[in-house]
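Asker: Let me begin by handing over the structure; questions about it come next.
In this note's numbering, the protein residues as written are 6 to 442.
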């Protein structure tokens, strides 16, 4: 057992840019892709992953630094620190639950596909961290590691269900046939965007406003172009962070570059995935009685969309203002400010790319997340202590946009019903899986 755990830790330690191409290669071979083509697919996905990582690193090192400077200026009375999703993977995979979840999830995933309970084959192993984190939450609340392991398995089931429910809408909006986004952090927002859009459809005046990227470009000329919007937003953030002229100019150009380069990196990622997605369909048709199989991937594929990026950038100052004015809020948005695109990206398809609805809906979501992050801060802090994971803070820590309603669901289930609460959640998930598929 120790050897297996060490092997899994070694594999994860290779980094997603190494283990993701290997996984894609193996999955492609299983689905009958010719070895040469499978190898090229794996390498292309790896190159796309590196490209996305470089763009995200550029975003973090320029815009992220500016945003942190802004956040520090407003943090006097906000004494709960948002540590951000970046520490989620290292936290989860430093624990027994996080490592065990990798083989457990893959085995159960193939079983559920075979039984026709899910259409999502999730190969996005790095983002297993979130179900692993939910397992740690259940362990923390119950004091029992076995309850935590059960919770992590229930969490991946919930992940597949949400991926299946939203796959068609997301795939059509972003143009990703055969792909499902299985990133729980992003899926959590999508679950609330659909009802919010239904409400907006019934609000007079608001239901007539349409401001997608194409409409903005037609109406405002070059100022509606996403690259120019990135340039302007970067400059505004630079001014707010009190940068000098050189710093403002560099930040503005870097943000514009992200808006231009990100879609191209996503296109390369998809170039590698498409042969695998097509082979998965053929494999399912031949061996699974015609069942649909979608490849579950990271939300990074969607964050390059112009409305996603524009909304995420505007949400930064909005969230800081909300943190200051919301009654009873003690959370300083900090660690996730530069990664808002991952939290709200799957909400945008349900607003049909409409910037007005996206900003309203994502702002409402931010308010909910801020209050949930306040309430869950003691539990999240205890999880870090349980894992002996140092985040450089002696006070309370939390997450802001890392899919907090599933965390709240698991905390309530385990607190009031113990392990039976998880079984109730699992039963509801299975019933919904049967209905959805």
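Even glycine gets a Cβ: it sits at the ideal position worked out from N, Cα and C.
Being a predicted model, the structure only gives us computed values, none of them experimental.
Relative to the C-alpha of residue 192, which candidate in 276, 347, 116 and 34 has its C-alpha closest?
Answerer: Checked all of 276, 347, 116 and 34; the closest Cα to residue 192 is 347.
Asker: In whole angstroms, what separates the C-alpha of residue 390 from that of residue 298?
Answerer: Going from the Cα of residue 390 to the Cα of residue 298 covers about 39 Å.
Asker: To which residues does DSSP link residue 129 through a beta bridge?
Answerer: For residue 129, which the question treats as bridged, DSSP gives no partner whatsoever.
Asker: Any contact between the region 309–326 and the region 357–368? By contact I mean 3 or more CB pairs, one from each, below 8 Å.
Answerer: With a cut-off of 8 Å, the region 357–368 and the region 309–326 count as touching, because enough Cβ pairs lie within range.
Asker: Would you check if the region 131–148 and the region 252–270 touch, i.e. whether three or more CB-CB distances between them fall below 8 Å?
Answerer: Contact fails: fewer than three Cβ-Cβ distances are below 8 Å.
Asker: Just the Cα atoms here: how many angstroms apart are residue 329 and residue 108?
Answerer: If I take the Cα positions, the gap works out to 43 Å.
Asker: What's the gap between the Cα of residue 165 and the Cα of residue 137?
Answerer: If I take the Cα positions, the gap works out to 14 Å.
Asker: With a threshold of 16 other CB atoms inside 10 Å of the CB of residue 169, please say whether the residue is buried or exposed.
Answerer: Buried.
Asker: Starting from residue 334, follow the alpha helix (DSSP H) in both directions and report where the run begins and ends.
Answerer: Per DSSP, residue 334 belongs to no alpha helix (DSSP H) and is neither H nor E.
Asker: Since residue 162 and residue 416 should fall inside the 8 Å C-beta cutoff, what is the C-beta to C-beta distance between them, to a whole number of angstroms?
Answerer: That pair is no contact at about 18 Å.
Asker: Alpha carbon to alpha carbon, how far is residue 419 from residue 225? Give it in angstroms, no decimals.
Answerer: Model confidence at residue 225 stands at a pLDDT of 48, short of 50, so the residue's coordinates are unreliable and nothing is read from them.
Asker: Residue 95 to residue 256, Cα distance in whole Å?
Answerer: Roughly 29 Å separates the two Cα atoms.
Asker: Secondary structure at residue 1, three-state DSSP: helix, strand or coil?
Answerer: Lying outside 6 to 442, the shown extent of the chain, residue 1 is not represented and no answer is given.
Asker: Can you check which of these residues, 29, 183, 37 and 38, is closest to residue 51 by C-alpha distance?
Answerer: For the residues 29, 183, 37 and 38, the minimum Cα distance to residue 51 belongs to 29.
Asker: Report buried or exposed for residue 60, applying the criterion of at least 16 other Cβ atoms within 10 angstroms of its Cβ.
Answerer: Result: buried.
Asker: Go ahead and pull the three-state DSSP assignment for residue 392.
Answerer: In this structure, residue 392 counts as coil in the three-state DSSP scheme.
Asker: Are the beta-carbon atoms belonging to residue 186 and residue 306 less than 8 Å from one another?
Answerer: Closer than 8 Å, so yes.
Asker: Which term fits residue 39, buried or exposed, when burial requires 16 or more other beta carbons within 10 angstroms of its beta carbon?
Answerer: The residue is exposed, with fewer than 16 neighbouring Cβ atoms inside 10 Å.
Asker: Given residue 426, which residues of its chain have a CB within under 7 Å of its CB, disregarding the five upstream and five downstream residues?
Answerer: If we look at residue 426 and ignore the five residues flanking it on each side, its Cβ neighbours are 418 and 419.
Asker: Curious, which full-length alpha helix (DSSP H) runs of at least 4 residues does the region 339–388 contain?
Answerer: Runs of the alpha helix (DSSP H) inside the region 339–388: 345–349.
Asker: For residue 197, collect the residues of the same chain with a Cβ closer than 7 Å to its Cβ; drop the 5 residues on either side in sequence, then sort them by chain order.
Answerer: The answer, listed in chain order, is 370.
Asker: Under DSSP, the alpha helix (DSSP H) around residue 443 begins and ends at which residues?
Answerer: Residue numbering for the chain in the displayed model covers 6 to 442; residue 443 lies beyond these limits and cannot be assessed.
Asker: For a minimum of 4 consecutive residues, which ranges assigned as the alpha helix (DSSP H) are wholly contained in the region 17–48?
Answerer: Entirely contained in the region 17–48, the alpha helix (DSSP H) runs reaching 4 residues are, in chain order, 21–35.
Asker: Is residue 225 helix, strand or coil when you go by DSSP?
Answerer: Since pLDDT at residue 225 reaches only 48, below the 50 mark, its modelled position is unreliable, and the value read off the structure follows with that caveat. Reduced to three states, the DSSP call for residue 225 is helix.
Asker: Along the chain, where does the beta strand (DSSP E) containing residue 299 start, and where does it finish?
Answerer: It spans 299–302 - the beta strand (DSSP E) in which residue 299 sits, taken as one unbroken run.
Asker: Terminal residues of the continuous alpha helix (DSSP H) containing residue 184?
Answerer: No alpha helix (DSSP H) holds residue 184; the beta strand (DSSP E) holding it covers 184–186.
Asker: Go ahead and label residue 338 buried or exposed: buried means 16 or more other beta carbons lie within 10 angstroms of its beta carbon, across all protein chains shown.
Answerer: Under this definition residue 338 is a buried residue.
Asker: So what's residue 169 in DSSP terms, helix, strand or just coil?
Answerer: Of the three classes helix, strand and coil, the one that applies to residue 169 here is helix, per DSSP.
Asker: Just to confirm my understanding: we take residue 430, look at its own chain, exclude 5 residues before and 5 after, and list those with CB closer than 6 Å. What are they?
Answerer: 159 and 418, listed in sequence order.
Asker: Quick check on residue 341: buried or exposed, where buried means 16 or more other Cβ atoms within 10 Å of its Cβ?
Answerer: It counts as buried.
Asker: Using a Cβ-Cβ cut-off of 6 Å (strictly less than) and excluding sequence neighbours within five positions of residue 47, which residues of its own chain qualify?
Answerer: 26, 29 and 30.
Asker: On the CB-based measure, 16 or more other CB atoms within 10 Å of its CB, does residue 115 come out buried or exposed?
Answerer: Its Cβ having fewer than 16 others within 10 Å, residue 115 is exposed.
Asker: Smallest Cα separation from residue 374: which of 406, 350 and 401?
Answerer: Nearest of 406, 350 and 401 to residue 374, Cα basis: 406.
Asker: For residue 377, which of 101, 85 and 300 has the nearest alpha-carbon?
Answerer: Of the candidates 101, 85 and 300, the one whose C-alpha sits nearest the C-alpha of residue 377 is 85.
Asker: Where does residue 92 sit, in a helix, a strand or coil, going by DSSP?
Answerer: Three-state result, residue 92: helix.
Asker: So is residue 167 buried or exposed if we call it buried at 16+ other beta carbons inside 10 Å?
Answerer: Answer is buried; the Cβ neighbour count reaches 16.
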